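From first to last, the protein sequence lines stand for chains A and B.
Numbering follows the numbering used here, in which position 714 of the first sequence is assigned residue number 714; successive positions increment by one, without gaps.
Each number in the numbering used here comes from the position in the second sequence (counting from 1) with 749 added on.
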Amino acid sequence: MSENKDYKWVGTRPIRPDGADKVTGKAAFGADKNLPGMLHGKILRSPFGHANIKSIDTSAAKSAPGVLAVMTSKDLPDLPSEMAEAGESAVDFRDLSQNILAADKVLYHGHAVAAVAATSAKLAQEALKLIKVEYEELPVVLEIEDAMADDAPILHENQFTSGDSTDKPSNVAAKMKLPRGDIEKGFAEADVIIEREFTTPTVHQGYIEPHAVTASMSASGHADVWCCTQGAFVVRAMTAKILGMDVGKVKVTPSEIGGGFGAKTTVYLEPVAVKLSEMSGRPVKMVMDREEILRATGPTSASVIKIKLGATNDGKLVAAEGTLKYGAGAYKGSPMGPGCMCVFASYEIPNFLVRGFDVVLNKPKVAAYRAPGAPMAAFAMESVMNEMAAKLDLDPIDFRLENAVKEGSVAAYGPKFPAIGFVETLKAAKEHPHYSAPLGKNQGRGIGTGFWFNVGMQSSATLNVNENGSVTLITGSADIGGSRASMALFAAEELSISYDLITPLVSNTEETSYCDVTGGSRTTFATGMAVVKAAKNLVANMKKRAANTWGVEVDEVLWQDGQAVPPFSSGKNPMSMAEIAASAAKTGGPLTASASLTAQGAGAGFGVHICDIEVDPETGKTDVIRYTAIQDAGKAIHPSYVEGQYQGGAVQGIGWALNEEYVYNDKGVLQNFGFLDYRMPVANDLPMIDTVIVEVPNPAHPYGVRGVGETPIVPPLAAVAEAVNNAVGVRICDLPISPPRLLAAIDAK
Amino acid sequence: MGSVQYHAPQSLEEAVPLLKEAQKTPSRILAGGTDLLIQMRAGVKTPDMLIDIKKIPEVTGIEIGPEEIRLGAATPSAVMDESVELHRQLPGVVEGMELIGSTQVQGRATPGGNLCNASPAGDGAPAMIAAGGQCVVFGSNGVRTIPVEEVCIAPGRTSLADDEFIQEFRFPTPKPGQADAYLRFIPRNEMDIAVVGVAANITVDASGTCTAAKVTLGAVGPTVVIADKVAELLVGTKLDDATLAKAGEMASGLGTPISDKRGTVEFRHRIAGVLTRRVIQIAATRAGERL
């Protein structure tokens, strides 16, 4: 922890460095990259939810006007099944390759089958129609419970439940178990036991910017890739692996990003565009449309979650049991693991058992979405916590305070918590005027809490001092929520120079050193640590140069207000950073400093949301009328962007609770493939989301930072459901709480 | 595959040869384009020729006379919304149009386009029908006038010939004691498609007795349902709560709604009843204020 709490820059709200370009339309996003001679690539997608591919004939498409390349999975190396860490979670490269272009089978409607590059997008689209694919249609399985049934259609004949000793292929890719104590004994001690099952639908991250890439393969076999991504290095790794290339021969340049929320940590188009460029000898651009995004990119899992909770009459939790089933989509890899680790993470429960299931379905392969797996788990657990509080006649916040984890508690997933801010956050919620404000007719209030681990991973940063003392700050961390401003604030604080003298940049994979994805709420924490470390190195270097100039010992030199200050006895004047920079040629050459690290000790984040809802009991329509998000940030580096994360997460969670869902027909064809019928909330559906930043410093970070980006999507689902319950007296366990569902529940009351 | 010819005639006269050509060439009339351009982009409609009618003076504008209100078919809904007098005379017709799309879309969307898109869920038609609207249909062989309810014959299909378009709408100017209203149900608050929409046009006398009524329902059938029985029930009553409840009950049994991504059969029936009761109430209150 920093010794100095009176920061000059950290905690202030300067204008973001990328702001002017964004509001004037000058910022370049994924689809803005164009090159001379560029072709346009399009993807042929499966018309079936599940089918064997008998044959693909591309001959007519290859000779169509304007077409320079046509490819299928046969043009990709046949990769062995190999798990590798990529981005936030492990990925099987064989699955990834086959998701990009189907090999023997299509596993969901919209699954990519072939790709064409032509001189115009229209000609490419026309050529797709000339590709003849012979399919053998298979029955689809769309629901988790159906996929787990004995007689379910099997997606992968070679997939056996990991850990099970069976030779029967299964749609259950993996199971897990997380035990503590003795649940039988625990439930025997309980005065009240509640058991309920919850379901949540498949939902999409809903980023506004479509996936887009421009790729150019040189004659020497060097690929240049421009794309919108949360992690240029992960795109590089995946693209190289899928194409069998050396990572050193793939250069990835990230564009500005128009939303990712976890989903832009994988690849769909990039390897295809590179291959099409290699085949045609021309640059190739590919841009998805909204329909392709909804049909074929990773949403997050649907879930079926059962919670059994036991408490004593005085409000102590004694036992809990959770069964969490997550739909992975077409290939294994749902967020079962984090979901199971999160479900009981906020409370001290002496006896519990968590069981998880990772289930494949004929839907697109899921991708990360803000705190993957946690919102569904919290919807179930927090709903039961709310019901338990009501049954025990306890205030729901008091009930949580009674059982909340704190410093020293052993987390449900293993480690002992260092300083955390759950109790402080709960208390801030209880003291907030919103919590006790009066409600009108048909209005109700609910709370929900949320937990997320946050991660550290690898980061690096470089500071180059210009000859006038200004600084260029380079990292490889994509800026998805204002991180360039935060990086510049860290540097300004450490160098004690003006924020305006720092130009923070996000560079490409060849011109900066490695950074893991911007994901897991890690960038301000981990890349921020690298910036701080690099800045400290730079200050040390500048002090040394000043000491040499003055002929004094380096430890006699202080760094204050952006200048090296000599000992009084030397009789010398302080040297400003500009002066040190100007004399760099004589003191050892250009001033530059880098740092890299694997950040340890990402502090867990806790949030509490308060939601007021008004229900029209005749139509089942809901309106969120007041909403407050309270969360521990450790230390808010740029408070506006911390608040923005709280608000954005809350809004996505509200949408998930109220109206968002994938609607499939019985053939596995998505019916609502646009934003008209995939109903995210629009601006006038929501009140201003009020925020409260709680600051319990993370002891592992020099400024006390905790990640803040993911936690805020965790509490809303239960908070919304509880508000509806308190408004009209019906407890909805199946999301979304859409008007037809709520009206039916009110009728059934 | 090929290019699309775009024509923007400056007068009805200039439109005639183009309409004749439209009988031979797959073509579409373009008004605001807020449905058509999206359908073309999605490949649902693939015309070879577009005839943009917005530049024809007779096709835009609002004229309010003592007997008749004239509304150009390609008048943007934003212009309708800005007309204080149209709001005063036909608030329900304006409500139907101003619910469509976003502020930006409002600058383009038109009542003629909304009607000719022939969506069962179109927001424009119910109130125009309830207001007794007539369409002046211009064709290469002249002009004919038909009631608004005769334009849509099935989802996506109209009774207009390939060489015809709607030039303008005409409504009888509401009498003292007459007013209309439109309500629709959507799960969100804007940027959505009606799950059900209901319009009412109500006339009351000084005693508060309903002397005339027309109630129309959208999105509960392939075309707008005209609820004559509901209207009959209202006439002669004081539109008391019991009557309104009965009207709602009756309306919830009308039409042949479907279950789709926007709502179920049961839900649409229920909402039709609720909205009918509410919209009659609103129209009746407005009618009373116009006595």
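Where is the CB? At the ideal position from N, CA and C, for every residue including glycine.
The structure displayed is predicted, hence computed values, not measured ones.
Query: Looking at residue 625 (chain A): is its Cβ nearer than 9 Å to the Cβ of residue 374 (chain A)?; Result: no
Query: What ranges does the alpha helix (DSSP H) occupy inside the segment 158-219 of chain A, keeping only unbroken runs of at least 4 residues that lie completely in it?; Result: 183-189
Query: Within the chosen definition, does the segment 344-364 of chain A reach the segment 168-182 of chain A through at least 3 CB pairs nearer than 8 Å?; Result: yes
Query: Around the Cβ of residue 297 (chain A), are there at least 16 other Cβ atoms within 10 angstroms (buried) or fewer (exposed)?; Result: buried
Query: Just how far apart, CA to CA, sit residue 700 (chain B) and residue 952 (chain B)?; Result: Residue 700 (chain B) lies beyond the range of chain B shown here (750 to 1040); nothing can be said about it.
Query: For residue 652 (chain A), which of A:679, A:669 and A:550 has the nearest alpha-carbon?; Result: A:679
Query: Runs of 3 residues minimum, wholly inside the segment 83-127 of chain A: which ones carry the beta strand (DSSP E) assignment?; Result: 83-86, 89-92 and 112-118
Query: Per DSSP, what are the beta-bridge partners of residue 817 (chain B) in this structure?; Result: B:921
Query: For residue 766 (chain B), does the count of other Cβ atoms within 10 angstroms reach 16, so buried, or fall short, so exposed?; Result: exposed
Query: Expressed to the nearest angstrom, what Euclidean distance is found between the alpha-carbon atoms of residue 590 (chain A) and residue 583 (chain A)?; Result: 9 Å
Query: For the segment 649-672 of chain A, which residues have a CB atom closer than 7 Å to at least one CB atom of chain B, in sequence order?; Result: 659, 663, 671 and 672
Query: Using C-beta distances below 7 Å, list every residue in its chain close to residue 541 (chain A), excluding the 5 sequence neighbours before and after it, in chain order.; Result: 591 and 593
Query: Figure out for me which residue from A:617, A:663, A:642 and A:735 has the closest Cα to the Cα of residue 1023 (chain B).; Result: A:617
Query: Return the CA-CA distance between residue 387 (chain A) and residue 371 (chain A), expressed in angstroms with no decimal places.; Result: 24 Å
Query: Apply the 10 Å Cβ neighbour rule to residue 288 (chain A) and answer buried if 16 or more other Cβ atoms are within range, or exposed otherwise.; Result: buried
Query: Hey, would you say residue 620 (chain A) sits closer than 9 Å to residue 735 (chain A), going by beta carbons?; Result: no
Query: Label residue 699 (chain A) either buried or exposed according to how many other C-beta atoms from any shown protein chain fall within 10 Å of its C-beta, with 16 as the threshold for buried.; Result: exposed
Query: Per DSSP, what are the beta-bridge partners of residue 959 (chain B) in this structure?; Result: B:953
Query: Between residue 268 (chain A) and the rest of its own chain, which residues show a CB-CB distance below 7 Å, the 5 nearest in sequence each way excluded?; Result: 100, 211 and 297
Query: Starting from residue 676 (chain A), find everything on chain B with Cβ-Cβ shorter than 8 Å and list it in chain order.; Result: 940, 941 and 942
Query: Pair every Cβ in the segment 895-913 of chain B with every Cβ in the segment 990-1004 of chain B, then say whether three or more of these pairs are closer than 8 Å.; Result: no
Query: Along the chain, where does the beta strand (DSSP E) containing residue 324 (chain A) start, and where does it finish?; Result: 317-329
Query: For residue 362 (chain A), count the other beta carbons within 10 Å of its own beta carbon; 16 or more makes it buried, fewer makes it exposed. Which is it?; Result: buried
Query: Find the residues of chain A that neighbour residue 1020 (chain B), judging by a C-beta separation of less than 7 Å, and give them in chain order.; Result: 619
Query: Among residues of its own chain, excluding the 5 on either side of residue 503 (chain A), which ones have a beta-carbon nearer than 6 Å to its beta-carbon?; Result: 472
Query: Determine the contact status of residue 831 (chain B) and residue 821 (chain B), defining contact as a CB-CB distance below 9 Å.; Result: no
Query: Who are the neighbours of residue 1012 (chain B) on chain A, taking C-beta pairs under 7 Å?; Result: 740
Query: Could you name the residues of chain B that residue 679 (chain A) contacts, counting a contact when the two beta carbons are closer than 8 Å?; Result: 936, 937 and 941
Query: Within the segment 622-700 of chain A, note down every full beta strand (DSSP E) run reaching 3 residues or more, in order along the chain.; Result: 689-694
Query: Start and end of the alpha helix (DSSP H) containing residue 333 (chain A)?; Result: Counting along the chain, residue 333 (chain A) falls outside any alpha helix (DSSP H), and DSSP gives it neither H nor E.
Query: Quick one: list the residues of chain A neighbouring residue 914 (chain B), beta-carbon separation under 7 Å, in chain order.; Result: In chain order: nothing, as chain A lies at least about 26 Å away.
Query: What do you get for residue 71 (chain A), buried or exposed, if any count of 16 or more other CB atoms within 10 angstroms of its CB means buried?; Result: buried
Query: Would you list the residues sitting across from residue 132 (chain A) in a DSSP beta bridge?; Result: A:57
Query: For a cutoff of 9 Å on Cβ pairs, would you count residue 442 (chain A) as touching chain B?; Result: no
Query: For a contact defined as C-beta to C-beta under 8 Å, what are the partners of residue 682 (chain A) on chain B?; Result: 937, 938, 939 and 940
Query: Taking Cβ positions only, does residue 847 (chain B) come closer than 9 Å to chain A?; Result: no
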